[in-house]
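In what follows, a single structure is set out as structure tokens and then discussed.
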Amino acid sequence: PPATTDRSASRGLVRAAERLDAPRLDTQLRALIGKHGLVDGWERVMAPALQAAGRRWEADGDAHVEEEHLLSWHISTVLRTATAPDPDPAATPDAPPVVLACVPGEMHTLALESLTAALIERGVPTRMFGAAVPAEAVTKALHRLGPAAVVLWSQTRSTANRPLAQHIHTQSWGMRGTRRHTTVLTAGPGWTAPT
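The working numbering applies: residue -10 is where the sequence shown begins, and numbers increase by one.
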């Protein structure tokens, strides 16, 4: 079942961002991950706080953009530091990774960072390439890594790149006779936005 929002914790993050109180944001984010874990912390607190900050920014123009950016940066930081990969590569030596990348032109990474953190938390090898990854770079990475899956993130309809997703879907790698394809997952509201 979907997680219910922890409104109190979400409001606390938004208030700390409104005050530009970076130390308080860090403290609250670490506490909420300790309480809820990464996945529930994202779903119940971080994502709702970002949505609230985004609504405020949209309603008031650019008047509060610094608050949204501060909140985003601190959430991004805690997602990465809370999921530092296990330094023991023997844990999954031959497991192919999941590749995660924003499509070309897509700068919004937080939801993809949250997915990366959730996969790492579950011991799934990942390679997160971040924002606005050029199509050629994604293709090269696929041939070098032979991933189990590729997640392409698009926040907005204007960045959803169906030809790229199709191109990746048709790619294969490996030695002749053992070539394989990967699962391509298109993620984010850009892929499903009405046309």
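C-beta: ideal position from N, C-alpha, C; glycine also. Just so we're clear, the structure is a prediction, and the values are computed from it rather than from any experiment.
Checking 8 Å against the spacing of the C-beta atoms, do L131 and P85 come in under that value? For this step, residue 131 is matched to residue 142 along the sequence shown. For this step, residue 85 is matched to residue 96 along the sequence shown. Not in contact: L131 and P85 (Cβ atoms no closer than 8 Å).
Alpha carbon of R116 to alpha carbon of W180, nearest angstrom: As a position in the sequence shown, residue 116 is number 127, starting the count at 1. As a position in the sequence shown, residue 180 is number 191, starting the count at 1. Each residue's alpha carbon lies about 22 Å from the other.
With a threshold of 7 Å on Cβ separation, who are the neighbours of V3 within its own chain once the five nearest residues in sequence on each side are excluded? Here residue 3 is taken as the residue at index 14 of the sequence shown, counted from 1. Cβ neighbours of V3 beyond the five flanking positions: A38, A41, A42.
Distance between beta carbons of W31 and R103, contact taken as under 8 Å: Counting from 1 along the sequence shown, the entry for residue 103 is found at position 114. Counting from 1 along the sequence shown, the entry for residue 31 is found at position 42. Before going on, a small fix: residue 103 reads as Ser here, not Arg. Indeed they touch by this definition, with Cβ atoms about 4 Å apart.
Considering only C-alpha positions, which residue in the set T98, T72, A124 is nearest to L108? Start at 1 with the first residue of the sequence shown, and residue 108 comes out as number 119. Ranking T98, T72, A124 by CA distance to the CA of L108 puts T72 first.
Take the Cβ of Q155 as the centre, count every other Cβ of all protein chains shown within 10 Å, and call the residue buried at 16 or more, exposed below. Within the sequence shown, numbered from 1, the residue matching residue 155 stands at position 166. So Q155 counts as exposed.
Using beta-carbon positions only, say whether S(-1) and V34 come within less than 8 Å of one another. Here residue -1 refers to the residue found at position 10 of the sequence shown. Here residue 34 refers to the residue found at position 45 of the sequence shown. Yes. Within cutoff.
In chain order, what residues of the same chain have a beta carbon less than 7 Å from the beta carbon of R45, not counting five sequence neighbours either side? As a position in the sequence shown, residue 45 is number 56, starting the count at 1. Same-chain partners within the cutoff: H53.
Under 6 Å Cβ to Cβ from N189, same chain only, skipping five residues before and after it: list those, please. Nothing can be reported for residue 189, as the shown portion of the chain is limited to -10 through 184.
Spatial neighbours of A195 in its chain, beta-carbon cut-off 6 Å, leaving aside the 5 residues before and after: Lying outside -10 to 184, the shown extent of the chain, residue 195 is not represented and no answer is given.
Look at the Cβ atom of A20, then the Cβ atom of L59, and state whether they are nearer than 8 Å. Residue numbering aside, residue 20 sits at position 31 when the sequence shown is read from its first letter. Residue numbering aside, residue 59 sits at position 70 when the sequence shown is read from its first letter. Their beta carbons are not under 8 Å apart, which means A20 does not touch L59 by this criterion.
Which residue marks the beginning of the alpha helix (DSSP H) containing W46, and which one marks its end? Stepping through the sequence shown from its first residue, residue 46 is reached at position 57. Taken as a continuous stretch (DSSP letters only), the alpha helix (DSSP H) holding W46 covers 36 to 48.
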